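Comments concern the structure below.
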Amino acid sequence: MIRVALLFFALLVGSSAHAITTIRVLFLFTPEGKAYIESFGQTMASITAQEVAKTNNTFFLSGIDAQIESAGIIPNICCGNANFLLPWTMTEEGTDALDWASKSLGVAQAHDAANADIVMIISNYPGDISGRSFGWKGPYKAIVGVDALVIDEYASTHEIGHTMGAHHQSSGGQWFNDGRSTPYIYGHGFWYRSAAHCYHTIMSSPSADNGVPCSSDVEISRFSNPAQAIYANDGVFPLGSSLANNVQVLNNTKSQVGSYRVASWMKRQVFITVIGPMLTTLILE
Amino acid sequence: MKPRYLIAASMAVLCGAAWSQATLLGAPAKTPAATESGRLAALRKEPHTQLAVVAADAFALESNIISVDLDGKSFRFVGSKQTLVPGTETWIGRDGDASAIITRENGILSGHFDTVGKVYVLTHLGGARYALRTKVPRPVATYEGVGK
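Protein sequence lines correspond, in order, to chains C and A. Under our numbering, residues 60 to 344 are what the first sequence spells out, in order. Under our numbering, residues 1122 to 1269 are what the second sequence spells out, in order.
Dropping the structure here:
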């Protein structure tokens, strides 16, 4: 009986190693974000579908065994952009996401009600053209704010990367160099600059001018990955390094992020407290 | 009949025929089928709406291939439809490392085309008009692809 149980356990672990993890994302729109999106002929539903598809496509092409799905769409949350200024003045991981969520007008309740893993807030704060993430901190919540001005690129995918433990480039970028080594020392974005080529991956920013002229920096819609490369006319160029392997980070953390939802947490607790002991008893007998 | 009258009569006949032909050329525009055909033909001539028309055709025909030319380079995206959000349909296709993501909701299309080095965004302008814009100018010819 014990051998059968061990075999079953081994099969379970083996099969889950490359399993596709589904991460549920709840999309919340501020009135300003919704209005901006509608001003150029899009709707919350079409934007959400596009963001889900873009992120999943990037995951697939980068080699990340995860996908996201919409946990729902809620319009007109909060009461204006001003309310998002306060939480956004926090350092990225300086304040617990759960704490921020508890102060944020029902965001935490919406997260729980939708059985979501990540909450994405689509806003349109004037002058702010970037997203914010409070990810990789909360015990079961992660919050992403993405400015609607950049929603048509890869901002939401970038912020989801943060919630899964990925960081910006470690040095040399135009903004927000990030030397952190947690949760993984290799969890940084990648950038490259030479006379012929200037490019950066999704978690990185355009490379700074280090004396090499660069007329136009290109964002490659991939997470950094030393196992992938760019095949150009004049050679093969890297998409990662020993310090830039976002793909490994996201594959490491996908299961944890995919269980931020309340239902998963409850199931886990039920398993640990009820089913686990029952199985143990059965096997030992 | 004097020659000059003959010439005048001939001219009248020719002018009448030309007027009639012109009317006939214009007339089909009033029929629904010709209007649709003419509209699509006109749209296809506009680079920024080419993708919208091709995408609409792909949805209508349940096609799994969308062929478009972007910046002088031909792409042949192969993909399929999914329902990612209720009330919408999203077509996701790839051509090597390039990708096309087109969403349709209530007949309105929106799209995102990434040629690895350049991103095009298709947005609805009202009616049958669409805009194809690229947010960040990026050299597209430099990169041949990203591979594992």
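For every residue, glycine included, the Cβ atom is placed at its ideal position computed from N, Cα and C. Only a predicted model underlies this, so the values are computations on that prediction, with no experimental measurement involved.
Leaving out five residues on either side along the sequence, give the residues of the same chain with a beta carbon under 8 Å from the beta carbon of H259 (chain C). The residue labelled residue 259 (chain C) in the question sits at position 200 within the first sequence. Excluding positions up to five away in sequence, the list reads Q228, G232, G248, F249, W250, Y251, P265, S266, D276, V277, E278, I279.
Amino acids of chain C, ordered along the chain, whose beta-carbon sits closer than 9 Å to that of S1120 (chain A): Because chain A in this structure spans residues 1122 to 1269, residue 1120 (chain A) falls outside the shown range and cannot be described.
Cβ shell of R1259 (chain A) (< 8 Å), same chain only, five flanking positions each side left out: In the second sequence, residue 1259 (chain A) corresponds to position 138, counting from 1. For R1259 (chain A), the pLDDT reaches just 34, beneath the cut-off of 50, and the residue's location in the model is therefore unreliable, leaving the point undetermined.
With a threshold of 6 Å (Cβ to nearest heavy atom), would S229 (chain C) be considered close to the ligand MG? No copy of the ligand MG occurs in the structure displayed, which carries no ligand at all.
Answer with buried or exposed for S1231 (chain A), where buried requires no fewer than 16 other C-beta atoms within 10 angstroms of its C-beta. As a working note, residue 1231 (chain A) is residue 110 in the second sequence. Flag for S1231 (chain A) reads buried.
Based on DSSP bridge pairs, tell me the residues matched to K1194 (chain A). Start at 1 with the first residue of the second sequence, and residue 1194 (chain A) comes out as number 73. Answer is A:L1191.
What first and last residue would you give for the beta strand (DSSP E) that runs through A1221 (chain A)? Taking the second sequence and counting its residues from 1, one reaches residue 1221 (chain A) at position 100. Residues 1219-1226.
Taking the alpha-carbon positions, what's the I1222 (chain A) to N183 (chain C) distance? If you number the second sequence from 1, residue 1222 (chain A) lands on position 101. If you number the first sequence from 1, residue 183 (chain C) lands on position 124. Roughly 23 Å between the two C-alpha positions.
On the premise that V316 (chain C) lies in contact with D171 (chain C), defined as a C-beta separation below 8 Å, what is that separation, rounded to the nearest angstrom? Translated into the one-based positions of the first sequence, residue 171 (chain C) becomes position 112. Translated into the one-based positions of the first sequence, residue 316 (chain C) becomes position 257. That belief does not hold up - the Cβ atoms of D171 (chain C) and V316 (chain C) are roughly 16 Å apart, past 8 Å.
In this structure, how does DSSP classify V1261 (chain A) when only helix, strand and coil are distinguished? By one-based count along the second sequence, residue 1261 (chain A) stands at place 140. Because the pLDDT at V1261 (chain A) is just 28, under 50, the model does not fix this residue reliably, and the point stays unresolved.
Where the beta strand (DSSP E) through L1205 (chain A) begins and ends: To locate residue 1205 (chain A), count along the second sequence from 1; it is residue 84. Looking at the DSSP string, L1205 (chain A) is not in any beta strand (DSSP E), and its letter there is neither H nor E.
Leaving out five residues on either side along the sequence, give the residues of the same chain with a beta carbon under 6 Å from the beta carbon of F86 (chain C). Residue 86 (chain C) sits at position 27 when you count from the first residue of the first sequence. Closer than 6 Å at Cβ, skipping near neighbours: T107, I132, M179.
Could you work out which residue in C:L302, C:Q168, C:S230, C:F119 is closest to I216 (chain C) when comparing CA atoms only? One-based indexing of the first sequence puts residue 216 (chain C) at position 157. This sequence places Thr at residue 216 (chain C); Ile is not what is there. The shortest C-alpha separation from T216 (chain C) is found at C:F119.
Who are the neighbours of L120 (chain C) on chain A, taking C-beta pairs under 7 Å? For the purposes of this step, residue 120 (chain C) is taken as residue 61 along the first sequence, with counting starting at 1. Going along chain A in sequence order, the residues near L120 (chain C) (Cβ under 7 Å) are D1218.
Nearest to Y1251 (chain A) by CA position, among A:T1236, A:G1228, A:K1194, is which residue? Counting from one through the second sequence, the residue named residue 1251 (chain A) turns up at place 130. Of the candidates A:T1236, A:G1228, A:K1194, the one whose C-alpha sits nearest the C-alpha of Y1251 (chain A) is A:G1228.
Counting only C-beta atoms, is V1206 (chain A) closer than 7 Å to chain C at any point? As a working note, residue 1206 (chain A) is residue 85 in the second sequence. Taking Cβ atoms only, chain C reaches closer than 7 Å to V1206 (chain A), which makes this a yes.
Expressed to the nearest angstrom, what Euclidean distance is found between the alpha-carbon atoms of R239 (chain C) and G1193 (chain A)? As a position in the first sequence, residue 239 (chain C) is number 180, starting the count at 1. As a position in the second sequence, residue 1193 (chain A) is number 72, starting the count at 1. Taking the straight line joining both Cα atoms gives about 43 Å.
S129 (chain C): which of C:Q307, C:Q109, C:V166 sits nearest, CA to CA? Sequence index remark: in the first sequence, residue 129 (chain C) carries index 70 (1-based). Checked all of C:Q307, C:Q109, C:V166; the closest Cα to S129 (chain C) is C:Q109.
Whole-angstrom Cβ separation of I1187 (chain A) and Q1203 (chain A), contact assumed at under 8 Å? Position 66 of the second sequence, counted from the start, is the residue given in the question as residue 1187 (chain A). Position 82 of the second sequence, counted from the start, is the residue given in the question as residue 1203 (chain A). Incorrect: roughly 15 Å between the Cβ atoms, too far for contact.
Contacts of N116 (chain C) in chain A (Cβ-Cβ under 7 Å): For this step, residue 116 (chain C) is matched to residue 57 along the first sequence. Neighbours of N116 (chain C) on chain A, chain order: I1213, S1220, I1222.
T107 (chain C): contacting residues in chain A (beta-carbon distance under 7 Å): To locate residue 107 (chain C), count along the first sequence from 1; it is residue 48. Those within 7 Å of T107 (chain C) in chain A are V1206.
Report, in whole angstroms, the separation of the C-beta atoms of G92 (chain C) and I181 (chain C), which I expect to be a contact under 8 Å. Numbered from 1 along the first sequence, position 33 holds the residue referred to as residue 92 (chain C). Numbered from 1 along the first sequence, position 122 holds the residue referred to as residue 181 (chain C). Their Cβ separation, rounded to whole angstroms, is 4 Å, which keeps G92 (chain C) and I181 (chain C) in contact under 8 Å.
Chain C contact residues for T1244 (chain A), given Cβ-Cβ distances below 9 Å: The residue given as residue 1244 (chain A) occupies position 123 in the second sequence. Neighbours of T1244 (chain A) on chain C, chain order: F99, G100, Q101, D211.
Confirm, please, whether the CB-CB distance from H226 (chain C) to D237 (chain C) is below 7 Å. Residue numbering aside, residue 237 (chain C) sits at position 178 when the first sequence is read from its first letter. Residue numbering aside, residue 226 (chain C) sits at position 167 when the first sequence is read from its first letter. Against a cut-off of 7 Å, the Cβ pair of H226 (chain C) and D237 (chain C) comes out as a contact.
Pick out the complete alpha helix (DSSP H) segments inside the stretch 232-301 of chain C, 4 residues or longer, and give them in chain order. none
Does any CB atom of chain C fall closer than 7 Å to the CB of G1193 (chain A)? If you number the second sequence from 1, residue 1193 (chain A) lands on position 72. Judged by the 7 Å Cβ criterion, G1193 (chain A) is not in contact with chain C.
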